[in-house]
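Asker: For any residue, its number in our numbering is found by taking its place in the sequence shown, counting from 1, and adding 97. The beta carbon of each residue, even a glycine, is placed where N, CA and C say it ideally should be. Here the structure is a predicted model, which is why all the values come from computation and not from measurement.
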Amino acid sequence: MNLKTLFMGASCAVGLALSPIAAMAQNLVYLVQPEPPSLASFLSTSGPIGLVGPKIYDGLFDYDNDLNIVPSLAESYVVSEDGKTVTFKLRQGVTWHDGEPFTSADVAFTVMDVLKQVHPRGPNSFREVTSIDTPDDYTAVFNLENPAPYMLRALSAYESPIVPKHLLEGTDLRSSELATNPVGTGAFTFTEWKKGQYIRLDKNENYWKEGYPLIERIVGRFVPDASTRTAAMENGEVMYGAYGAIPNIDAVRLREKDGFSVTTDGYSMINPMALIEFNTTKPPFDNPAMRRAVSLVMDRQFLIDNIWFGYGKPATSALSSNFDKVGLYKDGLPNYPASGDLEAAIKELDDAGIMPDDNGVRASITLDLIPYGEDWRRAGEYMKQAMKPLGIEVELRYEDVPTWLNRIYADYDFEMNVNYFYQLPDPVLGVHRHYGTDQIRQGTHFVNSSRYSNPELDALLDAGAQEPDAEKRSEIYGKIQTILATDMPVANLFEMEFLTVYNDKLADHATSALGAYGPFDKASVAE
Numbered sequence: 098m099n100l101k102t103l104f105m106g107a108s109c110a111v112g113l114a115l116s117p118i119a120a121m122a123q124n125l126v127y128l129v130q131p132e133p134p135s136l137a138s139f140l141s142t143s144g145p146i147g148l149v150g151p152k153i154y155d156g157l158f159d160y161d162n163d164l165n166i167v168p169s170l171a172e173s174y175v176v177s178e179d180g181k182t183v184t185f186k187l188r189q190g191v192t193w194h195d196g197e198p199f200t201s202a203d204v205a206f207t208v209m210d211v212l213k214q215v216h217p218r219g220p221n222s223f224r225e226v227t228s229i230d231t232p233d234d235y236t237a238v239f240n241l242e243n244p245a246p247y248m249l250r251a252l253s254a255y256e257s258p259i260v261p262k263h264l265l266e267g268t269d270l271r272s273s274e275l276a277t278n279p280v281g282t283g284a285f286t287f288t289e290w291k292k293g294q295y296i297r298l299d300k301n302e303n304y305w306k307e308g309y310p311l312i313e314r315i316v317g318r319f320v321p322d323a324s325t326r327t328a329a330m331e332n333g334e335v336m337y338g339a340y341g342a343i344p345n346i347d348a349v350r351l352r353e354k355d356g357f358s359v360t361t362d363g364y365s366m367i368n369p370m371a372l373i374e375f376n377t378t379k380p381p382f383d384n385p386a387m388r389r390a391v392s393l394v395m396d397r398q399f400l401i402d403n404i405w406f407g408y409g410k411p412a413t414s415a416l417s418s419n420f421d422k423v424g425l426y427k428d429g430l431p432n433y434p435a436s437g438d439l440e441a442a443i444k445e446l447d448d449a450g451i452m453p454d455d456n457g458v459r460a461s462i463t464l465d466l467i468p469y470g471e472d473w474r475r476a477g478e479y480m481k482q483a484m485k486p487l488g489i490e491v492e493l494r495y496e497d498v499p500t501w502l503n504r505i506y507a508d509y510d511f512e513m514n515v516n517y518f519y520q521l522p523d524p525v526l527g528v529h530r531h532y533g534t535d536q537i538r539q540g541t542h543f544v545n546s547s548r549y550s551n552p553e554l555d556a557l558l559d560a561g562a563q564e565p566d567a568e569k570r571s572e573i574y575g576k577i578q579t580i581l582a583t584d585m586p587v588a589n590l591f592e593m594e595f596l597t598v599y600n601d602k603l604a605d606h607a608t609s610a611l612g613a614y615g616p617f618d619k620a621s622v623a624e
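#1: If I measure Cβ to Cβ from methionine 484 and keep anything under 6 Å in the same chain, skipping five residues before and after, which residues do I get?
#2: At which residues does the alpha helix (DSSP H) containing threonine 500 begin and terminate?
#3: Count the CB pairs spanning the region 168-179 and the region 363-380 that are closer than 8 Å, and state whether there are at least three.
#4: Looking at the unbroken alpha helix (DSSP H) that takes in phenylalanine 399, where does it start and where does it end?
#5: Have a look at Leu148, Arg388, Pro586, Leu270 and flag the residue whose alpha-carbon is nearest the alpha-carbon of valine 215.
#6: Can you say whether serine 358 is buried or exposed, counting buried as having 16 or more other CB atoms within 10 angstroms of its CB?
#7: Would you kindly check if the distance between the Cβ of valine 280 and the Cβ of proline 261 is under 8 Å?
#8: Measuring only the C-alpha atoms, how far is lysine 619 from aspartate 605?
#9: Taking the alpha-carbon positions, what's the valine 525 to glycine 561 distance?
#10: Is the shortest distance between the beta-carbon of aspartate 535 and the beta-carbons of chain B less than 8 Å?
#11: Whole angstroms is fine: what's the gap from asparagine 240's alpha carbon to leucine 446's?
#12: Measure the alpha-carbon distance for phenylalanine 617 versus phenylalanine 319 and round it to whole angstroms.
#13: On the DSSP letters alone, give me the boundaries of the beta strand (DSSP E) that proline 369 sits inside.
#14: So, does the region 418-425 touch the region 449-459, judging by three or more C-beta pairs under 8 Å?
#15: List the residues that DSSP assigns as beta-bridge partners of isoleucine 580.
#16: Going by C-alpha distance, which of Pro244, Leu187, Asp159 is nearest threonine 227?
#17: For the pair the region 397-408 and the region 568-580, tell me if three or more CB-CB distances fall below 8 Å.
#18: In chain order, which continuous runs of the beta strand (DSSP E) of length 3 or greater are located wholly inside the region 406-472?
#19: Taking the beta strand (DSSP E) that aspartate 230 falls in, what are its first and last residues?
#20: Please state the DSSP three-state secondary structure of isoleucine 315.
#21: Between which two residues does the alpha helix (DSSP H) carrying isoleucine 489 extend?
#22: Quick check: tyrosine 295 and glycine 317, are their CB atoms within less than 8 Å of each other?
#23: Leaving out the 5 sequence neighbours to the left and right, which residues in its chain are closer than 6 Å to arginine 352 when beta-carbon positions are compared?
#24: Confirm, please, whether the CB-CB distance from phenylalanine 199 to valine 191 is below 8 Å.
#25: Which of helix, strand or coil does DSSP assign to serine 257?
#26: Kindly indicate which three-state DSSP category isoleucine 118 falls into: helix, strand or coil?
#27: Below 8 Å on the Cβ atoms is my contact criterion, and I expect serine 417 with glutamate 592 to pass it. Report the Cβ-Cβ distance as a whole number of Å.
#28: Under DSSP, the beta strand (DSSP E) around phenylalanine 206 begins and ends at which residues?
#29: Please check the pair glutamine 123 and glutamate 313, which I expect to be a contact at CB under 8 Å, by giving their CB distance rounded to whole angstroms.
#30: How would you call asparagine 332, buried or exposed, if buried means at least 16 neighbouring beta carbons within 10 angstroms?
#31: Pull the bridge partners of leucine 128 from the DSSP assignment, please.
#32: For the region 134-147 and the region 489-505, state whether three or more C-beta atom pairs, one from each stretch, are separated by less than 8 Å.
#33: Does DSSP put leucine 521 in a helix, in a strand, or in coil?
#34: Between the region 576-596 and the region 549-565, do at least 3 Cβ pairs fall closer than 8 Å?
#35: Beta carbon of valine 498, beta carbon of proline 134: below 8 Å?
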């Protein structure tokens, strides 16, 4: 099958086999794609977990679509003049879903004993937090080694869910019962997980936000087949699909139909980046020339135009160009041609002495694809074809989410994988975890699986996290991007623009900057 045939035949409608759960009144049925590996959002930032967890758990803050702080479990905060103390005044009268009171002890335990220890991004988000004082049940004082203004952007329910100390203290966090039976303070309580079919959440009748949530029940449906998901949206069995749940090829069609809308709102906090991770510890990608050649041969614009239907922007660096707003992005770097450069890629390998054998093969590798839908399968087919002229023979592997996560982040049993990472509002929060030696954390998802280690870069990452002067910080991140464009442990492909497809009867689902990763507490469904 050639690429043109592959893309023209990407979608067809098939009959549905969904239960009548969608017909229940005052409910929201939405797509969770794929099925989450667990609901332990304090352990993993896997996308499907993010679609469910923030409805159950609260953070200290939420954020509006202009990225302003919105109080949640914390009503207010004060930063000391030297920036080394942040005092949060907590909301009173909040209870966990099991009826126990929420207190400052939960906040201290969550940050110091959970997020800093086992969360993928927590060690960076709270890197400067040395201790938390709890002078009373409703005050939490964060003591910092150095100022960390970026921390205030990492306190949402998705990024830093506050968890119950009374249920987790003294337990093995990685095998906690909360992974399948979560208990939070959020707008919805966990009721049921029917494997392979749905997760059901019911309205928290004791929610601290008076009058909310407006919806009685939320049901997250798992529908593996893309055309079935689209058909379910069209016939009203589901009302909402985000993060590629409805493939772009169908989203651009549905946006022209009455009763449906498509938006890119709700993604402003995450800066998503599609990318390739290389295993830098074993052949063939222990050689930087191989990694640079793969980056050079990739036609990023083709991926955007033909698989993501024009939504996206070619990557040009280890940082998203969105960081240009704060002076951290550096352009004009090598090895990031928007439309690919086969001649330069071949020269890169030839100059490095990586020569083809008698059959024209320089390397045979397996490319692992993130198991989040058909767009990634089609991207893999393109990459396989793109690397063939380099003499790189590619076998594609597509597995279920738990197997893929275990292979990449626990066993390191891969050579090259296609993935996407959230770079978030500051590089310390979303970018450092990809490259720092201290982020080689076996078993932790979405960190440095390449096992790239460079002492010079480590020092620059530390300096960038602590530098308060904007001009000096810009210089530091310029050096970081230059090193990474040469060493290329990760080849960024394109800055993603996710589409959310929804039924027009659904209102106020994107009031949080986190969108689908928000609480849905203000969402409502018209009769």
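Answerer: Quick look at the numbers:
#1: Around methionine 484: Val491.
#2: 498-502
#3: Touching, no, given that fewer than three Cβ pairs across the two stretches are closer than 8 Å.
#4: 397-403
#5: Leu270
#6: exposed
#7: yes
#8: 6 Å
#9: 8 Å
#10: Note that chain B does not occur in the displayed structure, where there is just one protein chain.
#11: 50 Å
#12: 19 Å
#13: 369-375
#14: no
#15: DSSP, once it has assigned bridges, lists no residue as partnering isoleucine 580.
#16: Pro244
#17: Three or more Cβ pairs closer than 8 Å define a contact, and the region 397-408 falls short of that threshold against the region 568-580.
#18: 409-411, 460-466
#19: 226-233
#20: strand
#21: Taken as a continuous stretch (DSSP letters only), isoleucine 489 belongs to no alpha helix (DSSP H), being part of the beta strand (DSSP E) at 489-495.
#22: yes
#23: Val359
#24: Yes, the pair counts as a contact, with Cβ atoms nearer than the cut-off.
#25: Looking at serine 257 - three-state DSSP - the assignment turns out to be coil, as it is neither helix nor strand.
#26: Bear in mind that a pLDDT of 40 at isoleucine 118, under 50, signals an unreliable position, so the number given afterwards is only what the model happens to contain. Helix at isoleucine 118.
#27: With a Cβ gap of about 5 Å, serine 417 and glutamate 592 count as contacting.
#28: Element bounds for phenylalanine 206: not the beta strand (DSSP E) but the alpha helix (DSSP H), 201-206.
#29: 4 Å
#30: exposed
#31: Arg318
#32: Cβ pair count under 8 Å is three or more, so yes.
#33: coil
#34: yes
#35: yes
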